[in-house]
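Protein chains in written order, with our numbering: chain A, 27 to 666; chain B, 577 to 847.
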C-alpha cells in the first residue's frame, strides 16, 4: 500500500508557503551542477521548469516528442491566465482567487496547494511581462483584464485569443536561452516509454528516438514529468492529436499512484462534430461567453429552422433562466450539462442535433460589429474556416467536448509523487483543481508549478541525495526497463491483424463518451468495465502496425499510446464507479438534486482516490488521502 | 457522438504525394485516389483516411507532421498545389478543408522545400534550424523571480498591439518554403520586432538582432529580395513590414558595434 503523505506544512493557510520556503533544505550553489534533472515535456510547466532549474545551475535534460519544444499543446489555450493582481480595483485578492478555485473545484482539492497557487499567480504575470509576452493593454499602457469562466471579478490577463501561445513562447524563449547557454540539453523527437526506478527512487527514463527508432537510456538524480493530460482517452477532444498519457501511465505501472482519474472536464463551447472521419474538436474560447448569449429553441420543431427566423419569444436562453446571477458565465461543468439536457430534450440544433446556439446579435447591436471583431475576430475566423458559416450574421453552433483532465499522478505539497525523486507538474498532476477547473487556471497552474514551485521544492529532495550518487545506466533496472520497452514494440509490430490503430481509438472514445462522459451511471460504468477489457483483448489480437521499429514510424507511436489509453480508460471508469457522488466534472446521475445539480457526499468522499497498480490482471488498489478543510467551509456549490 | 448521415455532396479527388523514405533516399510522386470525400472534412483528416486504407493494404502510410489541428502549434507543413499550407489565406495545412477542392481534382502534396529544412521522411522536414536561431538570441534575459512588478513598465497600446501582430508567428516555416531564396527573414523579423517593441527588450536589442541574423545566415537561409511571398504564405499573415524594421535594427546595431567595440558588448547593455 502506497504511503500518501501530503506533507502540507502546519500553520495558518496564508503563511504555509512562505514558511515552507524558509525551512526547505537547500542545495549549495556549487553543488547544483552536480545534479542532473530530467524534464519530460515542454509545455508551460515543463519549459518553465527546465529553464528555471537550469538558471539555478542544475544540469537539465529536456525531452519532448515534438520536433520542437514550441509545439506543446499549451500553445492552443485561447482565453487567458488568472492572477490576483486586483488591477481592476474590483475586490480581488489572493484569498478570493483561492476561494473561487476551491469552490470551483467542488471542494475536492487540497487547500494548501490552492492557496499557494493563488499566491504565486501575481509573480507569474510579472515574469511573463518581463519576458516580453504581449498581453493586452489599456491606452494608458497598463495591463488589461477581463472576467472569465465563472469569476465575478476581472482577473484574467490575455493576449488576444492566443494567450497560451504567448505564454508558451515566453517559456520557450527562456528555455531556448538556457539551451544556448548550455544549461539544458534538448532532446526533441524523443518519447519517454518507461520510468526507471532504482532502489525505490526515480532515477531515469527509457526514450525512443522517433526519427531513428533508437531506444536510449538516460539517468538523472530526479525525474520531472510535465506531460499534460489524458483527455485523448476519449479520442475526440480539444487536445492535440499527439497528446497522450504514455509517460504518466508507464510511471503508474512503475508504482506512481494515479489520483482521481474520473475528474474530466467537458468544455461547453466547442464546434460540434461533423462526421465519423473527425480527428479533433476545436474549442471556441470561453471568453465568447462574456458577450455571446447561449440559447436553444423552446420547441423541438424549431431545431432545424434557420436560427435568425426564430423569434425572441421562441428562444430559451437557458443559462440566463437557470442561473440568473451567473447567466452565460456559469462554470464549465454546469454549462456543459445544461447544453446536453437541451439536446436530450430534442432541442439540439445543427445537422446532428448535437448543438446549441451562441449568439452575438445583441453584442453587435450594443457594441457594434467592429468592437466584436476587435475582441473575438480570430475566433470568428476559425469558426468560419471550419463550418463555412459567418457568426457575425448567424449564431455559432456549439457543443461540449472533452477539454481537460483534473486527475493525474498523485503528488504531495512538494509536487513529488509517491515514488521519491519523481515529480509531476501541470496538468499531469492532480493537485490544484479538485473536481473541476475554472477557466484561465490551467495556464496559471502550469507556470506556477514550473517557475515558482518546483525550483524550491526539488531541492528538498536533492539535498538528501549525495552529489554524484546517480546510478549508471548499465544497471539492472535500466536493462529491465529497456527490455520492457523493446518487448512491447516487438509485440505491436509482430501483430499483423486487420484493423488500423485508429479503429480502436475511435471505439474506445465512443465507449468513454457514452458511458463515462458528461453524465455517468452505475449501469453504464459497469457496462464500460465489461467492454473495455474485451476491446483491449481485441486490440492485441487484431491491431495492424505496419513498418519497423528502427525508423520513423507514426503508426507504432500511435499504437503504444492507444494501448495505454485503453488501460487508462478502464481505470477511469473504475474510479468513476467507486466515487458514488457527483462533484464538478464527475456527474453521477444517481446523485443529483431535483434541479439536476451535483450532489456531493462529503461524509464518504471528501478524499482523493489514488490508484496503485498491482500488476497485470490484478485489480488496482484504491488508496485514500483525506481532504481536511481547515480554513474553508464546504458548502453546496451554487451558481444561482 | 457520431453525426447522423450527412446531407453533403460527397466527391472524389486524387492525392499526388511526395514519398521519400529518408533524407538520403530518392523520392517520387505517388498517386492515391480518394472517394467519398466530405467537403467538411479537413485535408489532414483525408490523409488519415487514406493512411488507414494503406495500412490495411499492407503499404507504408504517408508520414506527415501534424499535432494541434487548429492552426496554432506550427507542426503541419505541407505544400499543397505548389503553395505552402495550400489554398486559402491565413491558414495552416490543418485548417484546409476539402470544400476548397472540387470533384476530380488532382492535389499535389509535397514537403516544405528549402535546403535548411532537410526531408526526414515523406512530407516531414527537419526545421530545427529555427530553434537554433531562437537559442542564439530570441529572448529577453530575465531570471525567474527577478522581474519587476508588471505595471511598473507601461507600454503604449499601439506598441503592444504591433508586438502581438509579430508574436503571432507559429514557427511553421511556410515563409521559408514560399521564398525563392529560402529566406527566414520573416520568422526572425517577427521575433526581433516583438521583443524590440517593448521597453524590456531594449538592453539586448542590438545583441539580439546581430545574433539571430548571424545564426540565420549560418544555418543556410537566404536573403530577402522583397518578393513578399512569405507574408502571402504565412498562416498568421505576418506583415513583411517587420523585415524592414529588422533591417533597420540590424543596420543600427552593426554601426554601434563597429564604433563602440569591446566594453559595450558585454552583458548585453549596448542599447
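Every residue, glycine too, gets a C-beta built ideally from N, C-alpha and C. As the structure is a prediction and not an experimental result, all values here were calculated from the model.
### Task
Starting from residue 385 of chain A, follow its DSSP beta bridges and name the residues at the other end.
A/319
#### Entry: Beta-carbon separation (whole angstroms), residue 43 of chain A vs residue 145 of chain A, contact threshold 8 Å
6 Å
### Query
Since residue 291 of chain A sits in a beta bridge, which residues does DSSP pair it with?
A/430
### Query
Does any residue of chain A bring its CB to less than 8 Å from the CB of residue 650 of chain B?
yes
### Task
Quick one: give me the first and last residue of the alpha helix (DSSP H) that residue 649 of chain A is part of.
Premise fails: residue 649 of chain A lies in the beta strand (DSSP E), 647-652, not in any alpha helix (DSSP H).
### Message
For residue 841 of chain B, which residues in the same chain have their Cβ closer than 8 Å to its Cβ, ignoring the five residues on either side in sequence?
### Response
Confidence in residue 841 of chain B is poor, its pLDDT being 48 and thus under 50, which makes the residue's placement unreliable; the coordinate value appears in the next sentence. Once the five neighbours on either side are set aside, the close Cβ partners of residue 841 of chain B are 783, 833.
### Task
Evaluate residue 426 of chain A with the Cβ neighbour count: other Cβ atoms within 10 Å of its Cβ, from every protein chain shown; 16 or more gives buried, anything less gives exposed.
buried
### Counted within 10 angstroms of its Cβ, other Cβ atoms place residue 609 of chain B as buried (16 or more) or exposed
exposed
### Beta carbon proximity, residue 119 of chain A to chain B, threshold 8 Å
no
### Task
Have a look at residue 424 of chain A and residue 362 of chain A and give me their C-alpha separation to the nearest angstrom.
10 Å
### Message
If distances are taken between C-alpha atoms only, which option among A/617, A/653, A/625, A/594 comes closest to residue 645 of chain A?
### Response
A/594
### Query
Of all the options A/66, A/455, A/100, A/349, which has the alpha carbon lying nearest to the alpha carbon of residue 211 of chain A?
A/66
### Message
Does residue 308 of chain A come out as helix, strand or coil in the three-state DSSP assignment?
### Response
coil
### Message
What does the alpha-carbon distance come out to for the pair residue 526 of chain A and residue 513 of chain A?
### Response
20 Å
### Task
Write down every uninterrupted run of the alpha helix (DSSP H) in the region 681-767 of chain B whose length is 4 residues or greater and which is fully enclosed by it, in chain order.
704-713, 733-743, 750-754
### Query
Do we get a CB-CB distance below 8 Å when we pair residue 588 of chain A with the residues of chain B?
no
#### Entry: Coarse secondary structure for residue 809 of chain B, derived from DSSP in three states
helix
### Task
Quick one: grab the DSSP three-state call for residue 588 of chain A.
helix
### Message
For residue 673 of chain B, would you say it is in contact with chain A, using Cβ-to-Cβ distances shorter than 8 Å as the test?
### Response
yes
### Query
Can a CB atom of chain A be found closer than 8 Å to the CB of residue 593 of chain B?
no
#### Entry: the region 148-171 of chain A: positions lying closer than 9 Å to chain B by Cβ
148, 149, 151, 152, 153, 154, 155, 156, 157, 158, 159, 160, 161, 162, 163, 164, 165, 166, 167, 168, 169, 170
### Task
Using DSSP bridges, identify the partner residues of residue 618 of chain A.
A/624
### Task
Report buried or exposed for residue 724 of chain B, applying the criterion of at least 16 other Cβ atoms within 10 angstroms of its Cβ.
exposed
### Query
What is the DSSP secondary structure of residue 279 of chain A, counted as helix, strand or coil?
helix
### Task
Could you tell me the boundaries of the alpha helix (DSSP H) in which residue 598 of chain B lies?
From DSSP, residue 598 of chain B is part of no alpha helix (DSSP H); its letter is neither H nor E.
### Task
Check each residue of the region 769-785 of chain B: if its Cβ is closer than 7 Å to any Cβ of chain A, include it; give the result in chain order.
770, 771, 774, 776, 777
### Task
Report the rounded CA-to-CA distance for residue 661 of chain A versus residue 417 of chain A, giving the unit in angstroms.
39 Å
### Task
Grab the span of the alpha helix (DSSP H) containing residue 225 of chain A for me, first residue to last.
Run containing residue 225 of chain A: none; DSSP gives neither H nor E here.
#### Entry: residue 608 of chain B, DSSP secondary structure in three states
strand
### Query
Quick one: what does DSSP say residue 27 of chain A is sitting in, helix, strand or coil?
coil
### Message
So, at 6 Å on beta carbons, what are the nonlocal neighbours of residue 787 of chain B in its own chain, with the 5 sequence-adjacent residues on each side left out?
### Response
712, 713
### Query
Opposite residue 108 of chain A in the DSSP bridges: which residues?
A/182
### Query
Any residues in the region 807-824 of chain B with a beta carbon nearer than 7 Å to a beta carbon of chain A? Which ones, in chain order?
none
### Interface flag, residue 833 of chain B vs chain A, CB-CB below 8 Å
no
### Task
For residue 580 of chain B, I'd like the list of residues in its chain whose CB is within less than 6 Å of its CB, leaving aside the five on either flank, ordered along the chain.
Low confidence applies here, because residue 580 of chain B scores a pLDDT of 40, under 50, leaving its location unreliable; read the following figure in that light. If we look at residue 580 of chain B and ignore the five residues flanking it on each side, it has no Cβ neighbours.
### Message
By the three-class DSSP mapping on this structure, what secondary structure does residue 476 of chain A have?
### Response
helix
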